[in-house]
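Chemist:
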Amino acid sequence: MELLMPESGRTTPGHISHADRAPDSASASAPELAQAAAPPLVAARRAGLLVTFVLGGLSALTPLSMDMYLAALPAVTESLDASAATIQLTLTACLAGMALGQLVVGPMSDKWGRRRPLLTGMVLYVVATAMCAFAPTAELLIGFRLLQGLAGAAGIVIARAVVRDLYDGVEMARFFSTLMLISGVAPIIAPLIGGQVLRFTDWRGIFVVLTVVGILLTLVAVKWLHETLPPERRHSGGVGQALRTMRGLLADRFFTGYLLTGGLAFAALFAYVAASPFVVQEIYGASPQAFSLLFGLNSIGLIAGGQINGRVLMGRISMDKVLGFALAAVALAATALLLMTTGVFGKVGLFPVAAALFVLMSAMGVTLPNTNALALTRTGHAAGSASALMGTASFLIGAVASPLVGIAGEETAVPMAVVQVVCALGALGCFLGLCRPWERRAQAI
Numbered sequence: 036m037e038l039l040m041p042e043s044g045r046t047t048p049g050h051i052s053h054a055d056r057a058p059d060s061a062s063a064s065a066p067e068l069a070q071a072a073a074p075p076l077v078a079a080r081r082a083g084l085l086v087t088f089v090l091g092g093l094s095a096l097t098p099l100s101m102d103m104y105l106a107a108l109p110a111v112t113e114s115l116d117a118s119a120a121t122i123q124l125t126l127t128a129c130l131a132g133m134a135l136g137q138l139v140v141g142p143m144s145d146k147w148g149r150r151r152p153l154l155t156g157m158v159l160y161v162v163a164t165a166m167c168a169f170a171p172t173a174e175l176l177i178g179f180r181l182l183q184g185l186a187g188a189a190g191i192v193i194a195r196a197v198v199r200d201l202y203d204g205v206e207m208a209r210f211f212s213t214l215m216l217i218s219g220v221a222p223i224i225a226p227l228i229g230g231q232v233l234r235f236t237d238w239r240g241i242f243v244v245l246t247v248v249g250i251l252l253t254l255v256a257v258k259w260l261h262e263t264l265p266p267e268r269r270h271s272g273g274v275g276q277a278l279r280t281m282r283g284l285l286a287d288r289f290f291t292g293y294l295l296t297g298g299l300a301f302a303a304l305f306a307y308v309a310a311s312p313f314v315v316q317e318i319y320g321a322s323p324q325a326f327s328l329l330f331g332l333n334s335i336g337l338i339a340g341g342q343i344n345g346r347v348l349m350g351r352i353s354m355d356k357v358l359g360f361a362l363a364a365v366a367l368a369a370t371a372l373l374l375m376t377t378g379v380f381g382k383v384g385l386f387p388v389a390a391a392l393f394v395l396m397s398a399m400g401v402t403l404p405n406t407n408a409l410a411l412t413r414t415g416h417a418a419g420s421a422s423a424l425m426g427t428a429s430f431l432i433g434a435v436a437s438p439l440v441g442i443a444g445e446e447t448a449v450p451m452a453v454v455q456v457v458c459a460l461g462a463l464g465c466f467l468g469l470c471r472p473w474e475r476r477a478q479a480i
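Each step along the sequence shown adds one to the number in our numbering, with nothing skipped, and position 178 is 213.
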């Protein structure tokens with residue numbers, strides 16, 4: 036199988052050198068070396084844009100699976116004659132599946148390579164999504180959504196692992212920023228697509244559309260996403276080896292620090308997603324159209340932050356410094372929200388609150404790609420397992436944080452601000468206390 040490989044000569048922490056991949060220069064002539072190295076390097080350069088869109092599509096499948104379905108929840112409740120609480124479990128099941136599925140797929144990809152687990156997961160995703168479209172009862176829909184989440188986790192975890200296989204350091208952070216540009220569009224367009232589908236068909240049609248998307252992504256991955264983990268870098272152990280690998284990753288203070296930093300920052304983002312519809316519309320009296328505009332602007336801020344991070348800051352300022360400033364901006368924006376919602380500044384309107392949310396979301400566009408890159412820089416030997424741990428931590432912390440935003444009812448935005456402040460300060464504390472960016476890091480785990 037043709038391999039997409041990083042450019043030659045790059046030896047950064049946690050990544051094997053080019054000499055480990057190419058023939059020994061002492062026993063091969065220059066033409067032989069060039070011939071041996073050329074195909075993967077040329078393939079990587081020519082297919083770079085295609086690979087970017089494939090990985091972006093795999094990363095975007097998660098928000099598409101969640102957000103396209105939101106507008107149909109009332110219709111599902113009526114169609115299946117179930118309570119709203121029961122239908123809400125279809126969201127919880129999908130989210131739980133995505134979180135737990137990564138723990139399975141990540142180690143599998145370290146053992147068998149990236150393509151086989153990815154394609155298996157995508158095929159299962161297509162089957163599970165099609166079954167959701169024909170689910171006769173709420174209970175079966177919950178089960179199918181769990182399976183959909185478990186299978187869809189393959190795209191999330193392997194997309195990050197492939198990036199780690201192909202890139203290092205600053206280039207990896209830039210690539211993650213590019214992925215954010217693609218996957219960040221998904222939350223903007225997913226509700227719009229779902230709403231348009233409901234104009235022509237019922238809620239089952241949304242799952243038909245997702246099935247078609249899954250089939251197309253699977254075919255594109257078969258055609259253009261080649262294996263990126265050569266056999267000599269794979270693990271041969273079973274479950275025990277996978278658990279030992281994960282334990283070793285978590286024992287590394289720097290990796291765990293970046294994992295918790297990213298997970299807590301992601302939880303602050305989850306709190307915004309869970310609470311903003313009710314805060315903006317119910318408390319501040321904005322229309323659904325105004326909320327949609329605000330949500331879109333904040334998503335653009337997230338994307339713009341990622342692009343500034345990848346195209347302007349990377350290579351000029353160290354990733355740790357950029358991450359530190361971004362975390363400080365998130366904490367300051369969350370603190371401002373808390374002060375505004377508790378009335379410290381008196382009664383404030385929607386505009387100051389919207390401005391603080393925009394700053395918070397824009398800083399997230401810098402925070403998330405850098406935590407991913409800095410954590411994965413240390414894990415070249417187990418990128419799949421590391422990606423699985425990072426994804427699971429983010430989803431689980433976010434799943435715990437998001438219900439707390441409504442704990443005080445629908446009359447106040449204080450719980451959202453409190454959750455965001457706690458998560459933001461926790462992320463900053465983990466970064467300073469565990470990652471300790473001023474210290475000299477070891478070269479690899």
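Where a beta carbon is used, it is the ideal one built from N, C-alpha and C, also for glycine.
Leucine 93 and alanine 221 - do their beta-carbons sit closer together than 8 angstroms?
Modeler: The answer is no: Cβ separation not under 8 angstroms.
Chemist: Check the C-beta distance from alanine 208 over to proline 450 and give it rounded, since I have them as a contact under 8 angstroms.
Modeler: About 33 angstroms separates the two Cβ atoms, so there is no contact after all.
Chemist: Beta carbon of methionine 375, beta carbon of valine 383: below 8 angstroms?
Modeler: The answer is yes: Cβ separation under 8 angstroms.
Chemist: Let me make sure I understand the geometry here. Which of Thr447, Gln137, Glu317, Phe242 has the alpha-carbon closest to that of alanine 418?
Modeler: Selected option, being the one with the closest Cα: Gln137.
Chemist: For valine 197, tell me which candidate among Leu185, Gly184, Gln183, Leu214 has the shortest Cα-Cα distance.
Modeler: Out of Leu185, Gly184, Gln183, Leu214, Leu214 has the C-alpha closest to the C-alpha of valine 197.
Chemist: Please classify glutamine 455: is it buried, with 16 or more other beta-carbons within 10 angstroms of its beta-carbon, or exposed?
Modeler: Buried.
Chemist: Starting from glycine 190, trace the alpha helix (DSSP H) in both directions and tell me its first and last residue.
Modeler: That run of the alpha helix (DSSP H) goes 173 to 201.
Chemist: Quick check: what's the CA-CA separation for valine 162 versus threonine 246?
Modeler: C-alpha separation (whole angstroms): 8 angstroms.
Chemist: Near alanine 186, what residues of its chain come up, given a Cβ to Cβ distance below 6 angstroms and the 5 sequence neighbours on each side ignored?
Modeler: The residues are Gly156, Leu159, Tyr160, Ala163.
Chemist: Between glycine 426 and the rest of its own chain, which residues show a CB-CB distance below 6 angstroms, the 5 nearest in sequence each way excluded?
Modeler: Around glycine 426: Gln137, Ile191, Val192.
Chemist: Is glutamate 317 helix, strand or coil by DSSP?
Modeler: Helix.
Chemist: Thinking C-beta only, is alanine 462 closer than 8 angstroms to leucine 294?
Modeler: It is not a contact, given that the beta carbons lie outside the stated cut-off.
Chemist: If you follow the alpha helix (DSSP H) that tyrosine 160 is in, where does it begin and where does it stop?
Modeler: Residues 150 to 168.
Chemist: By the 10 Å Cβ neighbour count, where 16 or more other Cβ atoms means buried, how is serine 144 classified, buried or exposed?
Modeler: Result: buried.
Chemist: According to the neighbour-count rule (16 or more other Cβ atoms, all chains shown, within 10 Å of its Cβ), is glutamine 183 buried or exposed?
Modeler: Looking at its Cβ environment, which holds 16 or more other Cβ atoms inside 10 Å, glutamine 183 is buried.
Chemist: Output the boundary residues of the alpha helix (DSSP H) element that contains leucine 108.
Modeler: Its alpha helix (DSSP H) spans residues 108 to 114.
Chemist: Buried or exposed: where does alanine 79 fall if 16 or more other Cβ atoms within 10 Å of its Cβ makes it buried?
Modeler: With a pLDDT of only 43 at alanine 79, under 50, the local geometry of the prediction cannot be trusted, and no value is derived from it.
Chemist: Just reading off the alpha helix (DSSP H) that lysine 146 is part of, what are its end residues?
Modeler: Unbroken alpha helix (DSSP H) run through lysine 146: 119 to 147.
Chemist: I believe proline 472 touches glycine 359 by the beta-carbon criterion, under 8 angstroms. Please report the beta-carbon distance rounded to the nearest angstrom.
Modeler: Proline 472 to glycine 359, Cβ: 7 angstroms. Contact.
Chemist: Which residue's Cα is closest to the Cα of alanine 389: Ala421, Ala452, Ser429, Gly400?
Modeler: The candidate whose alpha carbon is nearest that of alanine 389 is Ala452.
Chemist: Would you be able to state if there are at least three C-beta pairs under 8 angstroms between the segment 366 to 373 and the segment 389 to 400?
Modeler: Result yes; three or more Cβ-Cβ pairs closer than 8 angstroms.
Chemist: Whose C-beta lies closer than 6 angstroms to the C-beta of arginine 288 among residues of the same chain, with five residues either side of it excluded?
Modeler: Leu469, listed in sequence order.
Chemist: Express the C-alpha separation of isoleucine 224 and threonine 125 in angstroms, rounding to a whole number.
Modeler: Rounded to whole angstroms, threonine 125 to isoleucine 224 spans 21 angstroms at the Cα level.
Chemist: In angstroms with no decimal places, state the Cα-to-Cα distance between phenylalanine 301 and isoleucine 432.
Modeler: Spanning the two alpha carbons is a distance of roughly 8 angstroms.
Chemist: On the DSSP letters alone, give me the boundaries of the alpha helix (DSSP H) that glycine 400 sits inside.
Modeler: From DSSP, the alpha helix (DSSP H) with glycine 400 extends over 385 to 411.
Chemist: What distance in whole Å lies between the Cβ atoms of valine 315 and leucine 329, which are believed to be in contact at a cut-off of 8 angstroms?
Modeler: Their Cβ separation, rounded to whole angstroms, is 6 angstroms, which keeps leucine 329 and valine 315 in contact under 8 angstroms.
Chemist: Does valine 379 come out as helix, strand or coil in the three-state DSSP assignment?
Modeler: Three-state result, valine 379: coil.
Chemist: What span of residues does the alpha helix (DSSP H) with phenylalanine 430 cover, start to end?
Modeler: From DSSP, the alpha helix (DSSP H) with phenylalanine 430 extends over 418 to 436.
Chemist: Among residues of its own chain, excluding the 5 on either side of tryptophan 259, which ones have a beta-carbon nearer than 8 angstroms to its beta-carbon?
Modeler: Excluding sequence neighbours, tryptophan 259 sits near Ala82, Leu85, Val86, Val89.
Chemist: Which term fits phenylalanine 386, buried or exposed, when burial requires 16 or more other beta carbons within 10 angstroms of its beta carbon?
Modeler: When all chains shown are included, phenylalanine 386 counts as exposed.
Chemist: Where in the segment 275 to 335 do unbroken runs of the alpha helix (DSSP H), each at least 4 residues long, occur, reported from the N-terminal end onward?
Modeler: Qualifying alpha helix (DSSP H) stretches, in chain order: 288 to 313.
Chemist: What's the C-alpha gap between histidine 270 and alanine 189?
Modeler: Cα to Cα, histidine 270 sits roughly 18 angstroms from alanine 189.
Chemist: Note the first and the last residue of the continuous alpha helix (DSSP H) segment covering methionine 451.
Modeler: Start and end: 449 to 465.
Chemist: Measuring straight from C-alpha to C-alpha, what distance separates valine 140 and arginine 151?
Modeler: Distance between the alpha carbons of valine 140 and arginine 151 is about 10 angstroms.
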